[in-house]
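>
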């Protein structure tokens with residue numbers, strides 16, 4: 007069985023596009039995309055091996071979804087204050103205010119803006135606007151409700 011799969015995979019580059027398209031439709035149950043031949047060969051080779059070794063793409067999709075959920079949950083720190091989730095260190099927050107782009111980098115122990123260290127986003131928002139602002143609201147981490155409150 008192993009040799010049969012290897013032989014099929016090895017033969018793919020020499021096959022005409024029409025045969026590759028037919029094989030694609032048999033293996034994927036959809037019409038072959040109109041990509042170049044190397045793309046079809048790579049995807050077909052992978053699928054042939056996937057079938058031969060019993061790897062179910064449904065299982066793979068479930069694993070990927072689980073990894074994505076875990077990754078998303080890890081990308082948010084625990085809430086500070088009123089349930090506001092702060093992004094992980096290294097995240098760049100960008101806000102355009104009065105036509106000027108302002109970039110803030112999230113650090114483990116605060117924030118960096120224009121080369122200076124700040125303990126809160128609200129201090130940075132005040133620096134930018136000249137008025138008191140909720141930093142998380144100013145940078146779009148929290149949405150205001152219709153009454154203008156967080």
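Numbering (this note's numbering), first residue to last: 7 to 156. Yeah, the Cβ is synthetic: ideal placement off N, Cα and C, and Gly gets one too.
Measuring CB to CB, does residue 29 end up less than 7 Å from residue 43?
Translated into the one-based positions of the chain shown, residue 29 becomes position 23. Translated into the one-based positions of the chain shown, residue 43 becomes position 37. No, they are not a contact pair.
> Look up residue 123 in the DSSP assignment and say whether it is helix, strand or coil.
For the purposes of this step, residue 123 is identified with residue 117 of the chain shown, where counting begins at 1. Note: residue 123 maps to strand in three-state DSSP.
> For residue 99, write down the residues that DSSP places opposite it in a beta bridge.
As a first step, residue 99 must be located in the chain shown, where it is residue number 93. Answer is 110, bridged to residue 99.
> With the cut-off set at 7 Å, would you say residue 53 and residue 26 are in Cβ contact?
What you label residue 53 is simply residue 47 of the chain shown in a count that begins at 1. What you label residue 26 is simply residue 20 of the chain shown in a count that begins at 1. No, these two residues do not count as a Cβ contact at 7 Å.
> Since residue 136 contacts residue 128 with CB under 8 Å, what's their CB separation in whole angstroms?
By 1-based counting over the chain shown, the position of residue 136 is 130. By 1-based counting over the chain shown, the position of residue 128 is 122. In fact, because the Cβ distance is near 13 Å, the residues do not count as touching under 8 Å.
> Less than 7 Å separating the beta-carbons of residue 131 and residue 112?
Reading the chain shown from its first residue, position 125 is the one you call residue 131. Reading the chain shown from its first residue, position 106 is the one you call residue 112. Not in contact: residue 131 and residue 112 (Cβ atoms no closer than 7 Å).
> Give a yes or no on whether the C-beta atoms belonging to residue 51 and residue 12 are separated by under 7 Å.
The residue given as residue 51 occupies position 45 in the chain shown. The residue given as residue 12 occupies position 6 in the chain shown. Result no, Cβ atoms of residue 51 and residue 12 do not sit closer than 7 Å.
> Determine the direct distance from the alpha carbon of residue 103 to that of residue 148, and round the result to whole angstroms.
On the chain shown, residue 148 is found 142 positions in, with the first residue counted as 1. On the chain shown, residue 103 is found 97 positions in, with the first residue counted as 1. Each residue's alpha carbon lies about 17 Å from the other.
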